[in-house]
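Visitor:
Residue numbers (the working numbering): 49 to 299.
1. Can you grab the Cα-Cα spacing for the pair residue 299 / residue 292, in whole Å?
2. Can you give the beta carbon distance from residue 185 to residue 137, rounded, assuming they're within the 8 Å contact cut?
3. Are residue 270 and residue 213 touching if we call contact CB-CB under 8 Å?
4. Determine the burial state of residue 67: buried for a count of at least 16 other Cβ atoms within 10 Å of its Cβ, exposed for fewer.
5. If you follow the alpha helix (DSSP H) that residue 69 is in, where does it begin and where does it stop?
6. What are the boundary residues of the beta strand (DSSP E) that residue 240 is part of?
7. I'd like the span of the beta strand (DSSP E) that includes residue 263, first residue to last.
8. Which word fits residue 97, buried or exposed, when buried means at least 16 other C-beta atoms lie within 10 angstroms of its C-beta?
9. Let me make sure I understand the geometry here. Which of 169, 167 and 131 has the alpha-carbon closest to that of residue 156?
10. Residue 150: which of 100, 176, 289 and 84 sits nearest, CA to CA?
11. Let me confirm a value: residue 73 is counted as buried when at least 16 other C-beta atoms fall within 10 Å, else exposed. Which label applies?
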């Protein structure tokens with residue numbers, strides 16, 4: 049396995065950095081590491097381009113977070129899902145034989161394990177654990193997208209913003225290198241609307257605004273401002289995947 053950026057991690061550290069990878073048995077880890085690469089993803093870089101074929105799967109490590117953007121028109125897109133250390137992107141569901149429907153951008157810079165699709169397909173053919181895990185993850189990802197659609201249609205922008213910040217905090221930690229303009233774009237809202245919500249949250253002591261960054265100051269109170277969608281999606285991950293990859297109650 050090769051690394052980029054001059055930073056080396058042990059295979060155990062790498063697999064501990066992603067909740068899907070952490071469930072892989074050791075023979076499966078060794079099989080994938082033959083051709084896997086730890087890569088650096090810069091903030092704002094395009095990890096997957098809409099319409100392109102999948103050639104690799106990406107497993108974000110640590111705080112690295114990817115944003116899946118559904119296109120509205122030629123100049124606008126809205127976030128349909130975000131993927132951090134709990135997941136993966138790139139041919140996991142489609143088996144790599146279909147062009148990407150959405151563009152995937154790096155929201156929080158960091159490392160990811162890049163695995164060629166040919167290795168993923170070979171491993172899936174041999175590993176019942178991997179086939180089951182990816183099916184379960186597909187269910188979770190669909191649940192996230194469905195819940196986002198409901199949330200965007202019915203819940204007020206302050207609750208949606210709180211939910212987004214909580215999810216980002218889960219994946220990237222309390223400090224997010226993100227402008228209010230970028231947050232407005234991801235939520236499909238007017239910048240002036242998001243500015244007002246963010247100022248209100250700051251006045252209430254929920255967040256702290258710094259140049260080009262938003263810092264979570266009181267997670268519990270922010271959670272109280274969020275809609276129930278946050279809990280529903282997080283609980284579903286535990287039910288279908290959990291620590292074992294086989295859902296709640298499985299060793």
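Where a beta carbon is used, it is the ideal one built from N, C-alpha and C, also for glycine.
Guide: From the atom records:
1. For the purposes of this step, residue 299 is taken as the residue at position 251 of the chain shown. For the purposes of this step, residue 292 is taken as the residue at position 244 of the chain shown. Confidence at residue 299 is low in this model, with a pLDDT of 47, below 50, so the placement of that residue should be treated as unreliable; the coordinate-derived value is given next. Their Cα atoms are separated by approximately 6 Å.
2. For the purposes of this step, residue 185 is taken as the residue at position 137 of the chain shown. For the purposes of this step, residue 137 is taken as the residue at position 89 of the chain shown. Not quite, the Cβ-Cβ distance comes to about 10 Å (not below 8 Å), so this is no contact.
3. Taking the chain shown and counting its residues from 1, one reaches residue 270 at position 222. Taking the chain shown and counting its residues from 1, one reaches residue 213 at position 165. Yes, the Cβ-Cβ distance between residue 270 and residue 213 is below 8 Å.
4. Taking the first residue of the chain shown as 1, we reach residue 67 at position 19. With 16 or more Cβ atoms within 10 Å of its Cβ, residue 67 is classed as buried.
5. Within the chain shown, the letter at position 21 stands for residue 69. Residue 69 -> no alpha helix (DSSP H), and no H or E assigned at all.
6. The residue you call residue 240 lines up with position 192 of the chain shown. No beta strand (DSSP E) contains residue 240, which is instead part of the alpha helix (DSSP H) from 239-251.
7. Sequence index remark: in the chain shown, residue 263 carries index 215 (1-based). Per DSSP, residue 263 belongs to the beta strand (DSSP E) from 261-264.
8. The residue given as residue 97 occupies position 49 in the chain shown. Classification for residue 97: exposed.
9. Stepping through the chain shown from its first residue, residue 156 is reached at position 108. The residue with the shortest Cα to Cα distance from residue 156 is 131.
10. If you number the chain shown from 1, residue 150 lands on position 102. Of 100, 176, 289 and 84, the residue nearest in Cα terms is 100.
11. Translated into positions along the chain shown, residue 73 becomes position 25. It is exposed - the Cβ of residue 73 has fewer than 16 other Cβ atoms within 10 Å.
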